[in-house]
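Residue numbers (the numbering used here), protein chains in the order written: chain A, 4 to 464; chain B, 4 to 464. For every residue, glycine included, the Cβ atom is placed at its ideal position computed from N, Cα and C. Quantities reported herein were computed from a predicted structural model and do not represent experimental measurements.
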């Protein structure tokens, strides 16, 4: 998950032609090397096929940390290390849902991350449907109490993925909102695009003091079946059974590696991704592709004597509450002022199509050089509203300069948080283009004479 | 499943332009009505969403028969009836597979139809890989005994679906071949196209006297994982657990309906489909779409005073052994000589692109008229090698004249026999084109002055 909605808001005129001459020397070499390298693809293959699912706290999580340390150690970094992160350990268990009446049928369903289980025998109740969590919140409690709420909002497919932000409140807030009105459980139409029969999981939140109730996502064809039966006008009864639960918190780790700057080692260009994945798929596009991208980008850029330090952060537990991001910010509090630019690859495996920045507006040389370096990759400049990925939220709050390399998200949400997030969904050419974009941006940020700090203040925090 | 491989073998020059004038009167009206009707789509929606999965012997099977009788009775047929069919009742149960070593990972798997279960705790063994069942059959028994065989052949995507026929022997014969060499179990790369993470089920056969062993299909991304680990050269151990089993045979039914011919009621044009489906999906493209096509085609054609009888057969249990087809042939033995043409819709929901016939070569008027009627639908004539669908095998053996309306199968095998075979996969325009093609062909066959019998002898039986 990232926050890229703003990226597409305004596409400014590209400065490419006028700025080409300002691109520093090894940029073309870096870009070409990245476009022709296959190591990123091999990293994705290896992480997904030799480790596989790696949700926070699981065996796979531990194996992924060991895998990352080993791979980074073999990639020419000056330093590779881990930092401990305590993570929640939620287990999905099994899930089933069946329409009991009027027309019995089993539905494909999975628990939302953080859901409690149902009673052992499941629970059964009449279904009440709402389009959005706002509609649910506006409904009288009498209409909801004792029922199973069905949130039926449909996500729209768009390149910038902005349909996700519009629909995901059904998942994030919906179950808590149902609980507050006395619902027994909440099921949602999966927040995703396409119609393949996979439920899309993802985190749901209950504020302190709100009773946790079972919460699950229906695959989109199954939401269609439930909606069809509801449209027929007779009461629809659903039985849901979930065995999900929290175990004790577990130890995981952020994995870090860096190439030290030749002139200003205390100034850091940070490239982030997250190493964990949801458990249903093998986490290929979310986020093995992102990790492979930043590791390879840093490795390739790092071979050209960067003046500043280029660091990669493979964050623990992005999916289930950003523990790794918070742990990084806490562990590096004194160093945060030394971060000159941070960016994250966590939006699938589509090609980068837009570049946004949020740096000191006086850094004109950097802005021109970075745009010129990205333009040959088909990347437009999209303005100064960069927001960073989810794992950069604490750095964003600390006014670290940010960049977004916005990936094409047209098909990302067909696979996002499903069992179908597997290696074959990664397009080798798009991945190589990602590596190239991240590598040139990292090198230019590590080389520029400009001062990228401070980032402009952000009105929305 | 149908047998259309031969359809594409030779595309003869279309006779369209010369034959247009021969098209009988109401053909254009029938075609236009069918192209604009939406009842077929509503039938698919209703069968998939209000009945759902309906594998032979299941509750869904019984509900599907009741549904079909009710819908046909409301569709203007002169007669609607059922005929009893005894069907095997196999239940899938649960399936799991995990690579135990060298790199542990759970794989997505399902039982093949007719598989026995494993011991309660599952079974674990080293994996031996072959590309094809032929390779397995050629291997020394020492290489197989006590192991789990992995048949790793990949199906090719083609419009005519011929990649299926090339790969499906791994599924049909592979488990028995493994058993004969002492394998503990056989897992196959799913016989299907695309890479969505659904295992493709389907029947497997054990000859009398061959010990049944557990047999399962891996989703394609999971076969990739297993193949990758095998390529790394260390022994790969797999644990498989299946709880599939046969229950006692059950009673199902063929559902039939007809519009009686105004002049030659004893001469029958038969349109077939199958009412059963595999249990994983809701059987939308296999074969609710086919049933909706033939029911609507017969209804629309039947409103134009056909001289011969137009009959639809919604066959029981195609998927698990063609019980319905055999029961129809047996129950109608004396009537078979009165069947002037039979054709089946059972190749998904893609548009018809080719028409083949296997009728008396002297029926030139019929051939010209049918080609002329189909040409405006974008359907080419593909020669005289029509084979009919699976449910027509007994009629084919009895030399009933046949036609094939070959549907575009480019994407059929992405969904075929998976959980992803749901209503949303049906394209309304393609379905309407199917209805139109079947309706005009049925009407012309019911009207022609030509004698369509006997079909030419078929060399391959």
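Check                                                                                                                                                                                                                         : Outcome
Taking the alpha-carbon positions, what's the residue 266 of chain A to residue 335 of chain A distance?                                                                                                                      : 21 Å
DSSP three-state call for residue 275 of chain B: helix, strand or coil?                                                                                                                                                      : strand
So what does DSSP say about residue 141 of chain A, is it helix, strand or coil?                                                                                                                                              : helix
How many angstroms separate the CA atom of residue 129 of chain B from the CA atom of residue 132 of chain A?                                                                                                                 : 50 Å
Mapping the DSSP letters down to three states, classify residue 400 of chain A as helix, strand or coil.                                                                                                                      : helix
So, for residue 310 of chain B: in the same chain, excluding its five sequence neighbours on each side, which residues have a beta-carbon less than 7 Å away from its beta-carbon?                                            : 264, 265, 266, 267, 449, 450
Under 8 Å Cβ to Cβ from residue 321 of chain A, same chain only, skipping five residues before and after it: list those, please.                                                                                              : 4, 277, 279, 290, 327, 328, 349, 393, 394
Under 7 Å between beta-carbons, which chain B residues line up against residue 228 of chain A? List them in chain order, please.                                                                                              : 52
Compare the C-beta of residue 10 of chain A with all C-beta atoms of chain B and state if any pair is closer than 8 Å.                                                                                                        : With a pLDDT of 36 at residue 10 of chain A, under the threshold of 50, the predicted position of this residue should be treated as unreliable, and no value is reported.
Output yes if chain A places a C-beta closer than 8 Å to the C-beta of residue 95 of chain B; else output no.                                                                                                                 : no
Using a Cβ distance threshold of 8 Å, determine whether the segment 200-214 of chain A contacts the segment 110-118 of chain A, with at least three qualifying pairs required.                                                : yes
Give the residues of chain B in contact with residue 199 of chain A, contact being defined as C-beta atoms less than 7 Å apart.                                                                                               : 199, 423
For residue 80 of chain A and residue 38 of chain A, what's the separation of their Cα atoms in angstroms?                                                                                                                    : 20 Å
Assess contact between the segment 94-108 of chain B and the segment 337-355 of chain B, defined as three or more Cβ pairs (one per stretch) separated by less than 8 Å. Is contact present?                                  : no
Among the residues of its own chain, which have a CB less than 7 Å from the CB of residue 456 of chain A, if the five just before and after it don't count?                                                                   : 343, 363, 404
Hey, quick one: how far does the alpha helix (DSSP H) through residue 418 of chain A stretch, first residue to last?                                                                                                          : 415-418
Looking at the C-beta of residue 2 of chain B, does it have a partner C-beta in chain A at a distance below 8 Å?                                                                                                              : Residue numbering for chain B in the displayed model covers 4 to 464; residue 2 of chain B lies beyond these limits and cannot be assessed.
Determine whether the Cβ of residue 92 of chain B lies closer than 8 Å to any Cβ atom of chain A.                                                                                                                             : no
What is the DSSP secondary structure of residue 257 of chain B, counted as helix, strand or coil?                                                                                                                             : strand
Within the 8 Å Cβ cut-off, does residue 224 of chain B reach chain A?                                                                                                                                                         : yes
Please state if the CB of residue 44 of chain A and the CB of residue 260 of chain A are separated by a distance shorter than 8 Å.                                                                                            : no
Which chain B residues sit within Cβ distance under 9 Å of residue 111 of chain A?                                                                                                                                            : 422
Output, in chain order, the set of chain B residues within a Cβ distance shorter than 8 Å of residue 48 of chain A.                                                                                                           : 231
Taking a Cβ distance cut-off of 7 Å, strictly less, list which residues of the segment 413-443 of chain A are near chain B, in chain order.                                                                                   : 422, 423, 425, 426, 427
Looking at the strands, I want to know which residues DSSP matches up with residue 315 of chain A.                                                                                                                            : A/260, A/274
Do residue 120 of chain B and residue 149 of chain B come within 8 Å of each other at the CB atom, strictly closer than that value?                                                                                           : no
Going by beta-carbon coordinates alone, are residue 437 of chain A and residue 354 of chain A separated by less than 8 Å?                                                                                                     : yes
Going by C-alpha to C-alpha distance, which of B/94, B/78, B/88, B/31 sits closest to residue 281 of chain B?                                                                                                                 : B/94
Is it buried or exposed for residue 24 of chain A, if we count other Cβ within 10 angstroms and need 16 for buried?                                                                                                           : With a pLDDT of 46 at residue 24 of chain A, under the threshold of 50, the modelled position of this residue cannot be trusted, and the question is left open.
With H, G and I counted as helix, E and B as strand and the rest as coil, what does DSSP make of residue 436 of chain B?                                                                                                      : helix
Let me know the secondary structure DSSP gives residue 116 of chain A once reduced to three states.                                                                                                                           : strand
Residue 27 of chain B to residue 305 of chain B, Cα distance in whole Å?                                                                                                                                                      : Confidence is the limiting factor: at residue 27 of chain B the pLDDT is only 48, short of 50, which leaves the residue's position unreliable, though a coordinate-based value still follows. Each residue's Cα considered, the two are about 15 Å apart.
Indicate whether at least one CB of chain B lies closer than 8 Å to the CB of residue 133 of chain A.                                                                                                                         : no
Just grab the DSSP bridge partners of residue 391 of chain B for me.                                                                                                                                                          : Note: residue 391 of chain B sits in no beta bridge, so no partner.
Using 8 Å as the cut-off, can you tell me whether the segment 218-226 of chain A makes contact with the segment 50-57 of chain A, which would need three or more C-beta pairs spanning the two stretches below that distance? : no
Am I right that residue 198 of chain A and residue 173 of chain A are in contact with their C-beta atoms under 8 Å? What's the rounded C-beta distance?                                                                       : Residue 198 of chain A to residue 173 of chain A, Cβ: 18 Å. No contact.
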